[in-house]
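K.L.:
Starting off with a structure, shown below.
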Amino acid sequence: MAMSGGKDDGEPMNEMNTTPLIDVMLVLLIMFIITIPVATHAVNIDLPNPSAPPPDVIVKRDKNKLVITPTGALLWNGTPLDGGQLLSTLQATMAIKPEPELQFQPDPQAPYEAAAQALNIIKGSGVTAFGFVGNEQFSEFGKAPNAGK
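So, in structure tokens, the structure goes:
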């Protein structure tokens with residue numbers, strides 16, 4: 299930045315020296331940038347507390363199927379479960395080596411909220427062998443079973 303030393307005629311300089319002002323403003327700007335908290339992009343998921351699965355729940359060693367009915371009920375290999383029971387059942391499958399595949403098949407008329415909650419429970423449990431099944435019925439728009447009924 300250039301500085302003016304005044305005129306040769308000996309009169310006082312009428313302009314304000316802005317160099318120190320700009321320096322102070324830059325220091326304040328840097329201080330504000332440093333003190334801004336780091337933004338986190340985390341999504342907090344409240345998982346249900348694990349509860350004992352019903353005694354008739356069978357955990358297969360190769361693959362298990364989780365179905366969501368049109369009413370929003372969860373079926374594990376045909377046995378109804380709630381969210382807490384699903385979490386404890388998923389934790390039981392994690393103890394099996396190698397981990398059995400979890401097949402997820404929501405009904406076309408199942409509520410979106412029930413499917414989203416089930417997926418959050420599955421994700422939070424740490425299951426890695428996971429897949430969607432039954433999607434081939436939706437390969438063409440409007441060709442789903444019971445479409446138009």
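299 is the number of the first residue of the sequence shown in my numbering; add one for each residue after it.
Glycine residues also receive a C-beta, built at the ideal position from the N, C-alpha and C atoms.
1. Any idea if residue 366 is buried or exposed, counting beta-carbon neighbours within 10 angstroms, 16 or more meaning buried?
2. With a threshold of 7 Å on Cβ separation, who are the neighbours of residue 424 within its own chain once the five nearest residues in sequence on each side are excluded?
3. CB residue 374 to CB residue 384, shorter than 8 Å?
4. Roughly how many angstroms separate the alpha carbons of residue 405 and residue 430, rounded to a whole number?
5. Is residue 397 near the ligand SAM - that is, is its Cβ less than 7 Å away from at least one heavy atom of it?
6. Does DSSP classify residue 394 as helix, strand or coil?
7. In or out: residue 369 buried (at least 16 other Cβ within 10 Å) or exposed?
8. Taking DSSP's pairing of strands, which residues face residue 400 in a bridge?
P.N.:
Judging by the given coordinates:
1. Residue environment: residue 366 is assigned as buried (16 or more neighbouring CB atoms within 10 Å of its CB, all protein chains considered).
2. 392
3. Result yes, Cβ atoms of residue 374 and residue 384 sit closer than 8 Å.
4. 12 Å
5. Ligands displayed in this structure: none; no statement on the ligand SAM is therefore possible.
6. Residue state, collapsed to three classes: coil.
7. exposed
8. In DSSP, residue 400 forms a bridge with 362, 428.
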